[in-house]
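Protein chains in written order, with the numbering used here: chain A, 14 to 266; chain B, 14 to 266. Quick reminder that beta carbons are idealized off the backbone N, C-alpha and C, glycines included. All figures in this text were calculated on a predicted structure; none of them were measured in a lab. Contents: one structure, followed by commentary.
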DNA sequence: AATGCATGGTGTAATTGGTACACAATTGTA
DNA sequence: TACAATTGTGTACCAATTACACCATGCATT
């Protein structure tokens, strides 16, 4: 827990460098061992978890702000980021306001204001992330989508909106380059789709459809080690992948 | 043009009642005589057009703010509104800042700050709208999508992003209830889709697909008066329409 | 009134795409 | 060596989309 002095300094600096009323919250998705994960932070002193977030510097583009915030929390530089909604209910930060209400006079208290939060979701390579807590958390770690904790503020809504958006985007955008390792097998990629959509897909039809998009390179090697037939390895064809990102895919799932 | 005194009053009040740094811009689409229209305002004194917009009251939900702003500009109450992106480049309001720079001291000047704008697009019934200029415009009127004026600030970007979003939404959402009159013919509805997508669609396939969605009621009457066969009239089945809005349609065009 | 023309309503064949399977091939293990 | 589990590939079937044909209607022209 920060001392009152440290809070004072934080707030004094915050008012100086950040835009008032505007915050950014990020839903960072990762994929590990066939499970979808979200990066979350656990509050000091209480069993409430929240999403990585931050504020916008006075002369900073908001995309840069989201990049900067995630760089700090994950260590990763160029992240696939997508703005998906603004959360602007006047009461959304009420709990937060109240929490810090009595610690400083109103004028000096950066947190004693209404925040309108811009939601970004990010897709990242699980293994590249080094989670780093912020000043208000004792823990920054991955949480499984099947085992989510209690959310602070409106962060459950933000999370769920992000997931809905991701599912929708699956229909007309290639997804995977940012979530999978460089090389992967078709069953591994399928597992990603199944996890995001939360439903089973037909193995053979998935393969055909995915190959039909023309964004995969089939490699010569196979993944040995399993107690079964060794599957081929694939990598994304980055050029076609980027093109597909722009032009969109055809149909939906 | 406002006098300096009037500006002073506007600014003084604005700082009092609105959140700093946050604005709302709306792309209002209407449909008239087979053409897609956008509601725009023309600046006093110069040939620069901009989108209807405004600010958020200190305790107002942002959706309410968008509603309120559009109510003032169009006279319409319950408008189909969709948030689609935030525009947060630090330089986006530079021209605006400069424009009013020397008219008031910095501290009193609500416009001398960075604005992050939340973009909404709206679909409205052309005939219900009574365009009303604001304090900075001499004109508020519909502009044809095929005959767009010079845009102020980044409003061209905002407009184009809105149009892209609308086209995308056409794939998985029913569109039309808010743009068409109560009763309409199939060719009229098709014209709407063709205008939004900016391409021709097959008359017969369009009809079958549209009917397949199950959101239309076929009426007994036909539209007399044309020099040709009288087409049937349709209306939207509001119940099914709402359901389709929630659950989404199937495939794309 | 007869005819023509432009448009609207409905049907159908061909093609494409998606779904549901079957079967062979490969790998490690019993 | 046989087996279990999994992967690679093919194919028949169904649904949806596309392309096109034909008829009906209402006004205009003569």
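Hey, residue 128/B and residue 56/B are a contact pair by Cβ (cut 8 angstroms); roughly how many whole angstroms apart?
Taking the second chain and counting its residues from 1, one reaches residue 128/B at position 115. Taking the second chain and counting its residues from 1, one reaches residue 56/B at position 43. Not confirmed; about 17 angstroms, so no contact.
Check whether residue 39/B and residue 70/B have beta carbons under 8 angstroms apart:
Residue 39/B sits at position 26 when you count from the first residue of the second chain. Residue 70/B sits at position 57 when you count from the first residue of the second chain. No, these two residues do not count as a Cβ contact at 8 angstroms.
Check whether residue 199/A and residue 186/A have beta carbons under 8 angstroms apart:
As a first step, residue 199/A must be located in the first chain, where it is residue number 186. As a first step, residue 186/A must be located in the first chain, where it is residue number 173. No, these two residues do not count as a Cβ contact at 8 angstroms.
Apart from the five residues just before and just after residue 31/A, which ones in its own chain have a Cβ nearer than 6 angstroms to its Cβ?
Position 18 of the first chain, counting from 1, holds the residue named residue 31/A. So the list reads 68, once near-sequence residues are dropped.
Taking residue 231/B as the query, report the chain A residues whose CB atoms sit under 8 angstroms from its CB, ordered along the chain.
Here the question's residue 231/B lines up with position 218 in the second chain. The contacting residues do not exist; residue 231/B stays about 28 angstroms from chain A at best.
Cutting at 6 angstroms between CB atoms, please list the residues of its own chain near residue 11/B, excluding the five before and the five after it.
Not covered by the structure: residue 11/B. The range shown for chain B is 14 to 266.
Quick one: grab the DSSP three-state call for residue 109/A.
On the first chain, residue 109/A is found 96 positions in, with the first residue counted as 1. Looking at residue 109/A - three-state DSSP - the assignment turns out to be helix.
Those residues which DSSP pairs with residue 231/B across a bridge
Position 218 of the second chain, counting from 1, holds the residue named residue 231/B. The partner list for residue 231/B (beta bridge, DSSP) reads 247/B.
For residue 90/B, which residues from the same chain have a beta carbon less than 7 angstroms from its beta carbon, with the 5 sequence-adjacent residues on both sides left out?
The sequence position of residue 90/B within the second chain is 77, counting from 1. Excluding positions up to five away in sequence, the list reads 84.
At least one CB of chain A closer than 8 angstroms to the CB of residue 129/B: is that the case?
For the purposes of this step, residue 129/B is identified with residue 116 of the second chain, where counting begins at 1. Interface residue, yes.
When the Cα atoms are used, what is the spatial distance from residue 60/A to residue 169/A?
Taking the first residue of the first chain as 1, we reach residue 60/A at position 47. Taking the first residue of the first chain as 1, we reach residue 169/A at position 156. About 14 angstroms.
Thinking residue 86/A and residue 144/A are a contact (beta carbons under 8 angstroms), I'd like their distance in whole angstroms, please.
If you number the first chain from 1, residue 86/A lands on position 73. If you number the first chain from 1, residue 144/A lands on position 131. Indeed they touch by this definition, with Cβ atoms about 7 angstroms apart.
Which residues, in order along the region 58–77 of chain B, keep a beta-carbon less than 8 angstroms from a beta-carbon of chain A?
69, 71, 72, 73, 74, 75, 76
Interface partners of residue 103/A on chain B, CB under 7 angstroms:
Here residue 103/A is taken as the residue at index 90 of the first chain, counted from 1. Those within 7 angstroms of residue 103/A in chain B are 72, 73, 74.
May I ask you to report which of helix, strand or coil DSSP gives residue 240/A?
Start at 1 with the first residue of the first chain, and residue 240/A comes out as number 227. Three-state DSSP puts residue 240/A in coil, outside helix and strand.
Take every Cβ of the region 233–253 of chain B, pair it with every Cβ of the region 206–222 of chain B, and state whether three or more of those distances are shorter than 8 angstroms.
no
Jot down the residue ranges of each uninterrupted alpha helix (DSSP H) in the region 106–186 of chain B, minimum 4 residues, whole runs only, in chain order.
107–114, 168–182
With a threshold of 8 angstroms between beta carbons, is residue 255/B in contact with chain A?
Residue 255/B sits at position 242 when you count from the first residue of the second chain. It does not: the Cβ of residue 255/B has no partner Cβ on chain A nearer than 8 angstroms.
Tell me which residue opens and which closes the alpha helix (DSSP H) that residue 218/A is part of.
For the purposes of this step, residue 218/A is identified with residue 205 of the first chain, where counting begins at 1. Its alpha helix (DSSP H) spans residues 216–225.
Roughly how far, in whole angstroms, is the beta-carbon of residue 197/A from the beta-carbon of residue 262/A, given that I think they are within contact range, below 8 angstroms?
Residue 197/A sits at position 184 when you count from the first residue of the first chain. Residue 262/A sits at position 249 when you count from the first residue of the first chain. In fact, because the Cβ distance is near 19 angstroms, the residues do not count as touching under 8 angstroms.
Mind checking which residues open and close the alpha helix (DSSP H) that includes residue 83/B?
Within the second chain, the letter at position 70 stands for residue 83/B. Segment 75–87, the alpha helix (DSSP H) holding residue 83/B.
Could you list the residues in the region 26–46 of chain B with a C-beta less than 7 angstroms from some C-beta on chain A, going in chain order?
32, 33, 34, 35
Can you find a C-beta in chain B that's less than 8 angstroms from the C-beta of residue 156/A?
By one-based count along the first chain, residue 156/A stands at place 143. Taking Cβ atoms only, chain B never reaches closer than 8 angstroms to residue 156/A, which makes this a no.
Let me make sure I understand the geometry here. Which of 103/B, 125/B, 99/B has the alpha-carbon closest to that of residue 110/B?
Position 97 of the second chain, counted from the first residue, corresponds to residue 110/B. Closest by alpha carbon: 125/B.
Where residue 70/B sits in the DSSP three-state scheme
Here residue 70/B corresponds to residue number 57 of the second chain, with the count starting at 1. Correct three-state label for residue 70/B: strand.
Using 8 angstroms as the limit for Cβ to Cβ distance, is residue 137/A near chain B?
Here the question's residue 137/A lines up with position 124 in the first chain. Output row for residue 137/A: interface = no.
Can you list the residues of chain A that residue 98/B reaches, using a CB-CB cut of under 8 angstroms?
Counting from one through the second chain, the residue named residue 98/B turns up at place 85. Here the neighbours are 96.
Determine whether the beta carbon atoms of residue 132/B and residue 97/B lie at a separation below 8 angstroms.
By 1-based counting over the second chain, the position of residue 132/B is 119. By 1-based counting over the second chain, the position of residue 97/B is 84. Yes; because the gap between Cβ atoms is below 8 angstroms, this pair is in contact.
Can you tell me where the beta strand (DSSP E) holding residue 49/A begins and where it ends?
As a first step, residue 49/A must be located in the first chain, where it is residue number 36. Note, residue 49/A: beta strand (DSSP E), 48–56.
Please determine, among 17/A, 149/A, 100/A, the residue with the shortest C-alpha to C-alpha distance to residue 74/B.
Locating residue 74/B in the second chain gives position 61, counting from the first residue. The shortest C-alpha separation from residue 74/B is found at 100/A.
For residue 36/A, write down the residues that DSSP places opposite it in a beta bridge.
The residue given as residue 36/A occupies position 23 in the first chain. Partner(s): 68/A, 130/A.
Taking the C-alpha atoms as reference points, what is the distance between residue 166/A and residue 58/A?
Locating residue 166/A in the first chain gives position 153, where the first residue counts as 1. Locating residue 58/A in the first chain gives position 45, where the first residue counts as 1. Going from the Cα of residue 166/A to the Cα of residue 58/A covers about 16 angstroms.
Could you check how far apart the C-beta atoms of residue 226/A and residue 257/A are, in whole angstroms? I think they sit under 8 angstroms.
As a first step, residue 226/A must be located in the first chain, where it is residue number 213. As a first step, residue 257/A must be located in the first chain, where it is residue number 244. Right, their Cβ atoms sit about 6 angstroms apart.
Rounded to a whole number of angstroms, what is the C-alpha to C-alpha distance between residue 244/B and residue 81/B?
Position 231 of the second chain holds residue 244/B. Position 68 of the second chain holds residue 81/B. About 38 angstroms.
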